[in-house]
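One structure is given below, encoded as structure tokens.
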Amino acid sequence: MAAPKPTSVVPRHVAIIMDGNGRWAAAHSLPRHAGHRAGLKSVRSAIETCAKAGVEVLTLFAFSSENWRRPRDEVSLLMSLFLEALDREINDLHKNGIKVRFIGDLTQLSTALQGRMRDAEDLTRGNARLTVLIAMAYGGRWDLTQAAAALARQCVAGTLAPDQIDEVRLGQELALKGLPDPDLFIRTGGDQRISNFLLWNLAYTELYFCDALWPDFDDAELQRALGQFASRERRFGLTSEQRARAAE
Ligand code: FPP
């Protein structure tokens, strides 16, 4: 494994599980979809805060491979909301220098949504301020499985020998290929689990759990998470002394 870089105070990559929309709606005597709609405000706020703080990549878990099992009405409302949000926000994101990309088993989504996602990626490809990765129909196990299948295909084609498979090769087939692993993982809504998010890439990520429901997760909440991150010592399996020497 390559020697880890010295820890930076600002995370290069923040990954978020945006949980608690349904409970927020219930607490306000509103239907669940109103909670997802309210969650969009927090998406905008998180993008703005990360861009200002100098974060390079923000990954948002918008819809998991398991979310397909939710009631059909909720799934279709979520899909309409994604489409509507993309249409409404994409020009503003582009104007602000945000690059938008999607990861996950995108073939599961409607052709209309896939088309809009491709358009959004094409429009913002040249932007360099902050990359926002939206995980849709994504699961960490799906990601590892598709990477294994890609490597197997290369072996069968004779372009790769099984002995050449190492962590770097496998990483190159994962959804986050070419991007740094998350430095900071945030989950709102009070539960403390990873829920099949970026299983491989979270190996050395700092985990931060908070009780705020996603629609209540505002700039101050995110600043608190960034502050916590800045105070943590990351050792990547080394001793404190070794880390200190690596930072010199
Ligand atoms: C989890 O809350 C949230 C989701 C499954 C959907 C998240 C979607 C958004 C915030 C809107 C749009 C996002 C983008 C990037 C366009 P939950 O329903 O599990 O809440 P609960 O745990 O309180 O039931």
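Residue 241 is where the sequence shown starts when you use our numbering, and the numbers rise one by one after that.
Idealized CB from N, CA, C, for every residue including glycine.
All values derive from a computational prediction rather than experimental measurement.
Suppose you measure from the CA of residue i to the CA of residue j; what does that come to, to the nearest Å?
i: ARG433; j: LEU442; result: 12 Å
i: PHE303; j: MET376; result: 5 Å
i: ALA278; j: ALA325; result: 12 Å
i: GLY366; j: PHE322; result: 23 Å
i: SER471; j: SER480; result: 14 Å
i: GLY418; j: MET357; result: 20 Å
i: ALA387; j: ILE257; result: 22 Å
i: SER320; j: SER350; result: 10 Å
i: SER316; j: SER305; result: 15 Å
i: ARG353; j: ILE338; result: Arg is not the amino acid found at residue 353; the sequence shown has Leu there. Their Cα atoms are separated by approximately 20 Å.
Quick check on residue i: does DSSP put it in helix, strand or coil?
i: VAL297; result: strand
i: LEU419; result: coil
i: LEU442; result: coil
i: LEU370; result: strand
i: ARG464; result: helix
i: SER228; result: Residue coverage of the chain in this structure runs from 241 to 488, which leaves residue 228 outside it and unanswerable.
i: MET319; result: helix
Mind checking if residue i is an interface residue toward chain B, Cβ cutoff 8 Å exclusive?
i: GLN412; result: Absent from the structure: chain B. Only one protein chain is present.
Relative to the ligand FPP, is the shortest distance from any of its heavy atoms to the C-beta of residue i smaller than 7 Å?
i: MET357; result: no
i: VAL297; result: no
i: TRP454; result: yes
i: PHE303; result: yes
i: MET258; result: yes
i: ILE330; result: no
i: ASN367; result: no
Is the distance from the Cβ of residue i to the Cβ of residue j below 8 Å?
i: ASP421; j: TYR444; result: yes
i: ARG341; j: THR371; result: yes
i: ARG272; j: GLY260; result: no
i: ARG409; j: LEU391; result: yes
i: ALA265; j: GLY275; result: yes
i: VAL295; j: LEU373; result: no
i: ALA255; j: PHE437; result: yes
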